[in-house]
DNA sequence: TCACGCAGTGGGAAAAAGTGGGAAAAAATG
DNA sequence: CATTTTTTCCCACTTTTTCCCACTGCGTGA
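Residue numbers (the numbering used here), protein chains in the order written: chain A, 102 to 251; chain B, 102 to 251.
Quick look at the structure:
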């Protein structure tokens, strides 16, 4: 499981070093093959290849005539890019993906279970402050949440 | 079960000595592996690794397209950091987490059953005074609270 | 009252991780 | 097919992190 906030930096060539604590797990799981795609919140998602493939299958199977489904397919499958971890534990984030997420030099890699989210530092901070102050009364909670005891 | 208020101090490198009375229990439960994450009230939560993993599993399973669920995932899983107790019974609290909780030198470790809360001393005192004077009439209690006998 | 021991604290050195640059290989273009 | 540009791979340097050791202060017991 991936978790936690990790400061990462992108160099002039768009290379990003993955935090060492995850590297062994990534090697085991997918021999360094990862897939990067986009999220509607203007961050990037980074999956180990096998995990991505499973999601991709689910997405492809969705009903093609459903608008929501096509939107998801186009966004997620359409932007999915396979990358390999190099000898220094770095991956190459393409210019298009960096631009999409507003990524400059300083990024944050956020562990989210089976995947990472990759945010521009500034965007993340803004969004996070929003989530913290946001009033959540009146919103519909999934029933799983109602009974959650942390 | 963890309970009680414990004064703790953080050194320049962010290291914090855990109170001795809990160390054996922490060794038994998780061999010194703890997870620190954030709370909406701007304090930190400290879980023994197995307790955290159970919560994490529940969080990860929540539906990805639900806004509330993603918010919780990003805040809690996204900030969760695994730490190890060192030979001197200390754990390392990262700069980001310290900053989040406004933690400087003096902190309070509050036992809360299966976890601890870690507060900056000043914030805790202010918040506690607030809870004591807060007027809760007119608020609707969940049914579990209605029948609570203390 | 003095000595011993343990918990707490700080600092420093060794190791590991991160970063940048350059050269070689590959690809693209005319 | 040759030249130019892009990409990839490798090496070396710098910074950060981690681990270990030593000192201090307080409490306890002789």
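Every residue gets a Cβ at the ideal spot worked out from N, C-alpha and C, and that includes glycine.
The three-state secondary structure of residue 196/A, taken from DSSP, is helix.
In the DSSP assignment, no residue is bridged to residue 178/A. By the Cβ-count criterion, residue 223/A is exposed, with fewer than 16 other Cβ atoms from all chains shown falling within 10 Å of its own Cβ.
Burial state of residue 246/B is exposed, judged by a 10 Å Cβ sphere holding fewer than 16 other Cβ atoms.
DSSP lists 111/A, 192/A as the bridge partner or partners of residue 117/A. Just measuring C-alpha positions, the residue of 206/A, 138/A, 249/A sitting nearest residue 108/A is 206/A. Each residue's CA atom was taken as its position, placing residue 216/B and residue 220/A some 29 Å apart.
Counting only runs of 3 or more residues that sit fully inside the region 123-150 of chain B, the beta strand (DSSP E) segments are 134-139, 145-149, in chain order. Excluding sequence positions up to five before and after residue 149/B, its CB lies within less than 7 Å of the CB of 127, 130, 131, 135, all in the same chain and listed in chain order. Distance from the CA atom of residue 214/A to the CA atom of residue 166/B, rounded to whole angstroms, is 15 Å. For residue 231/A, the enclosing alpha helix (DSSP H) starts and ends at 222-234.
Around residue 174/A, the same chain offers 160 as residues with beta carbons nearer than 6 Å, after the five sequence neighbours per side are excluded. Under the DSSP assignment, residue 240/B falls outside any beta strand (DSSP E); it carries neither an H nor an E label.
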